[in-house]
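Residue numbers (the working numbering), protein chains in the order written: chain F, 28 to 997; chain E, 164 to 255; chain D, 555 to 752.
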């Protein structure tokens, strides 16, 4: 079919702006204002794709987000999978193809920008149809802050797809006036192309705004393509409209079978005739209007079949005047046509014969489902309305109101009245006095003449045999299932799920709709069952002989429509994915070729390769410098906490396993912290600055945790303690200066102090100036070497660092990174909390009983040390491992077994390697491990599987280097 | 994104807060006096009711104050917030 | 001996011109080296003495700051908690103020900590300053909710901040280690507001 289906007049499209596009390889032309679906229909393209399971041709069934069939993959102007043709705004140069169920992610990086923005308002209105606009205008006139979101390209909602009059004017004029007033009112934010997809507690609504897609290739690159609006509203008015419901009959899925309201939208909004010869099948009055309007537009509408015996006489007369024959009590029993509808089988309800009518299009209306999704997401209870055959809100929520057809109200004037009333109620609830009333315009609408009939599917016993032909049961094309189950009465077209599938589920004993949904997959596709969910519920209830009003509806969950992950990611990608924390010396490290590692959010210099060194070579060189000459590193990431107050000693005695109150001013002590379960949570140094003031250091990753830990105890358990804790982590730059020549370097830069061992002893600190910068110098060492830790105000960190580099130049001063730091520590047997511990390790397990006070009556963790579990002799202890082959590095995480062969599973693992190193000082590899009864196994030979090999290792204690501690004083 | 009403700063998004478990579980005055079972009960065992539950929260990204909240574990609704030194209020 | 002012570097040293690119929609700049002191003072008996030193009353309402001019020039005191304040003063005053505050507190229960280099300071003004912040800050910054004098501790993007609402500008205090992340984020979020987008 290639004929032009664009009507000569009508539609909200710009006929002077043709848009060229390509669909399934065909070059076609649409108009500015088209959706891809309306442009396809205008070109007579009705088949969009084939179905996922049976490969049946499928076309366009709806005109909005409820579309179950017309899935497309966009190639240009952007690559995007899984869109519905009914929601893609056409742009020049668009290239798309129909999708069979699954989309494909583009293989090029997406160059578009995405962002999010917070908005706060007193009244949020979701949906800018007649009800929503009335609510928004009412709210806006009070001076309240108002946000109005609508998923269409223009406000108006259902009015966009109709030809209505309000106050004797086109409804367009009314919409235009309301929009103009809203846009001119301060503190009103009106967002088109914005779909509210999630409604949550506390007035929180998420909405996706498509900001540039409609601009196609002209979309400015610097503008975020999609924006997630994070809206916080005091009151919400939900005016989200309704979705038309299809009726299930045999072969109800052919291209050309469409919802009646969609045909009205294509006619009025896009100036498109959906077919040349159109039949109508309905259970309610609304499709009559569609039939009449299509006929008035010059389209041949020969027949309307109404399942009701009692049909609306006035509408029937209007139909008759336009040549439409109305058949009361008739249903569609089947259809013909391969790529497109050609014939419709019809017959009287309960009759035995049927007739066939040639049609290229069949409009179907089984009634309307209020779009209660957001209301349900908020926890609002739903009620089955038998007159509608649909769920409607069953209760009022304190902060959300549902109006218009979303509340089951389908008359235009009533919708507008409800909207205005909801606007007033929302204002009152939000503490505002309503301003000038919104005048409700007079609409030419009338109540339904005859109540709608609820018909989920054309009943069994309907006519089976077309006149003059022998009836052959139709099976789906393609890969049909077994004979008993195959049918073509589709409930969920996207999932290719049929009435038989539903009946098989109920036949298998499933009663809950949630279970049937999972069994049949109905309602789980991209459209989340917008056209199929209610029908499935109805068929299940029928099959079970139950009343829908007694059954629980399924729960609606966000998102209402699909949301691209890129939009959800927003700005949090690439370099902004996770904050990168850097020290004041970071630029220097970068300029000097450092390789970095991530430690939590921090970037830490891992090593500083020279020329073509690999990490191994660089680390050996850096270690050698620290052991033989002088080296320095950036340790500014260590957490630092200032603790002040007269009860600070008492607090620290509770926090650390060892005694801190006895520490003298001017001295430093290493300390271990445990949880109440007795497991090590952190370690660091404690510096006593004054009787009532300490500075604690924490591991890099635990700085925030330790401060929180301190505050937790201070605020919740011991509020009587007069202590304050303040983070000063970034206030200081911390530079360990390490190695036998460190004293020479410091002496050159700190003329005011005596750096000799006698005057500046181990584990003491002094305030002085280094390179002219006020500094606190601590004599602490995690390498076993003579070392100083220099702390200065971070603003002066770079000046200090550069002065140290310059002063150390004669001694070959070498910057080293975290990798070397780990080796130096490990050679001396200092475990790393978080690397060698995992929350199940006590100080005793680490061999650090020396750091656990025997004198203190209590401290956090103490009581747990005497729990039987913690006294077991077969606990895992930290030990050293020396591979028999000194060149083999053990893999961290490697398991330790007893035998020199791998026995049949289950293999008993005695423990695992926690950290592994290659040591320049030792000339060999070594490792730490947590090993069952480890300290009793020192000297034993065990095995670590590495790939297909078993590496023999000898268990040792943890100190590998300078066991006597002879080097620390230089 | 739920709002949690910090007693000091007012309602803020839940991401600003850290959860601190059940409230009103005091650190034992004399841990050494407790049996292993009593101590294990303090360390490892907490209530897990369906319905109102008094729990501790910290406004970690805000004023860093700890406070208590009674939260309905069925609806997540916060029925009351109060400072650590205050009695648990009566909630309905 | 004092350190050489010429050699000190702020966390956003080198970002000045990039930050300026968002003008005129957003005038964004680092104000480095602000003197900052954490003050803890649960004991209200010394509040008057402290106020005299600072030239401003301590703010009593949560989520506000107070400003005034005293012996050490213009000072802002931010409420950070029921007994916790952050004192902001002109550059170079941190040591002087630390001593003066300690003297004012005397033997009462309280604490003073120099945290000048812990955070750096950004100011944002211009017609789109509030928009820019709204991309990453969940706190409602509408003047009816957050008037001049507001001081909130919250998140901007994924960084913790202290946000002050001054008469004609916003002040964002951010931990030094997060400063380049936040600056990059602000420039990215501000792209749409640039006259010449990059």
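We treat Cβ as the ideally placed atom computed from N, Cα and C, and that holds for glycine.
Neighbour list for residue 77 of chain F in chain E, Cβ cutoff strictly below 9 Å
Simply none; closest approach about 41 Å.
List, in order along the chain, the chain D residues whose C-beta lies closer than 7 Å to that of residue 583 of chain F?
Result: empty, since nearest Cβ-Cβ is about 25 Å, beyond 7 Å.
Quick check: residue 227 of chain E and residue 216 of chain E, are their CB atoms within less than 8 Å of each other?
no
When the Cα atoms are used, what is the spatial distance from residue 596 of chain D to residue 679 of chain D?
35 Å
What do you reckon, are the CB atoms on residue 722 of chain D and residue 658 of chain D nearer than 8 Å?
no
Could you please give the first and the last residue of the uninterrupted alpha helix (DSSP H) stretch that includes residue 735 of chain D?
733 to 743
Name the chain F residues whose beta carbon is nearer than 9 Å to that of residue 751 of chain D?
247, 248, 249, 250
What is the residue span of the beta strand (DSSP E) that residue 824 of chain F lies within?
No beta strand (DSSP E) contains residue 824 of chain F, which is instead part of the alpha helix (DSSP H) from 824 to 835.
Roughly how many whole angstroms lie between the Cα atoms of residue 887 of chain F and residue 881 of chain F?
13 Å
So with CB distances below 8 Å, who are the chain E contacts of residue 743 of chain F?
183, 219, 229, 247
Residue closest to residue 841 of chain F, alpha-carbon to alpha-carbon, out of F/939, F/876, F/657:
F/657
Taking Cβ positions only, does residue 691 of chain D come closer than 8 Å to chain F?
yes
Could you say which of D/565, D/616, D/588, D/564 lies nearest to residue 627 of chain D if we only look at CA atoms?
D/588
Local Cβ density within 10 Å of residue 573 of chain F, reported as buried at 16 or more and exposed below that:
exposed
Unbroken alpha helix (DSSP H) run spanning residue 528 of chain F, endpoints
526 to 534
Short of 7 Å in beta carbon distance, which residues of its chain neighbour residue 795 of chain F, apart from the five on each side in sequence? Order them along the chain.
777, 779, 780, 802, 804
Return yes when the Cβ of residue 709 of chain D is within less than 8 Å of the Cβ of residue 716 of chain D, no when it is not.
no
Residue 508 of chain F to residue 549 of chain F span [Cα, whole Å]:
Below a pLDDT of 50, predicted positions are generally treated as unreliable, and residue 508 of chain F, at 36, falls in that range; the measurement from the model is reported next regardless. Taking the straight line joining both Cα atoms gives about 17 Å.
Quick check on residue 998 of chain F - is its C-beta less than 8 Å from some C-beta in chain D?
An answer regarding residue 998 of chain F cannot be provided, because it is not within the stretch 28 to 997 covered by chain F.
Quick check: is the beta carbon of residue 743 of chain D nearer than 8 Å to any beta carbon in chain F?
yes
Given residue 55 of chain F, which residues of its chain have a CB within under 8 Å of its CB, disregarding the five upstream and five downstream residues?
47, 48, 49, 66, 67, 70, 72
For residue 613 of chain F, count neighbouring Cβ atoms within 10 angstroms of its own Cβ and tell me buried if that reaches 16, exposed if not.
buried
Interface flag, residue 998 of chain F vs chain E, CB-CB below 8 Å:
Lying before the first or after the last residue shown, residue 998 of chain F is absent from chain F, which here runs from 28 to 997.
Tell me, please, which residues DSSP counts as bridged to residue 639 of chain D.
D/593, D/633
Test item: CB-CB of residue 645 of chain F and residue 637 of chain F under 8 Å:
yes
Any idea what DSSP makes of residue 759 of chain F, helix, strand or coil?
strand
So residue 202 of chain E contacts chain F; which residues on that side make the cut at Cβ distance below 8 Å?
890, 891, 894
Under 8 Å (Cβ pairs) to chain E, residues found in the stretch 702 to 731 of chain D
706, 707, 708, 709, 714
For residue 284 of chain F and residue 209 of chain F, I'd like the C-alpha separation in whole angstroms.
39 Å
Can you tell me the Cα-Cα spacing of residue 436 of chain F and residue 396 of chain F, whole angstroms?
11 Å
Thinking just about the alpha-carbon of each residue, which of F/603, F/198, F/348, F/631 is nearest to the one in residue 472 of chain F?
F/198
Inter-residue Cα distance where the pair is residue 370 of chain F and residue 334 of chain F
18 Å
Assign residue 244 of chain F to buried or exposed, taking buried as 16 or more other Cβ atoms, counted over all protein chains shown, within 10 Å of its Cβ.
exposed
Kindly give me the distance between the Cβ atoms of residue 239 of chain F and residue 252 of chain F, rounded to whole angstroms, as I take these residues to be in contact under 8 Å.
5 Å
What three-state label does DSSP hand residue 171 of chain F in the structure shown?
coil
Give a yes or no on whether 8 Å exceeds the smallest Cβ distance from residue 512 of chain F to chain D.
Its pLDDT being 44, under 50, residue 512 of chain F is placed unreliably in this model, and the coordinates cannot settle the point.
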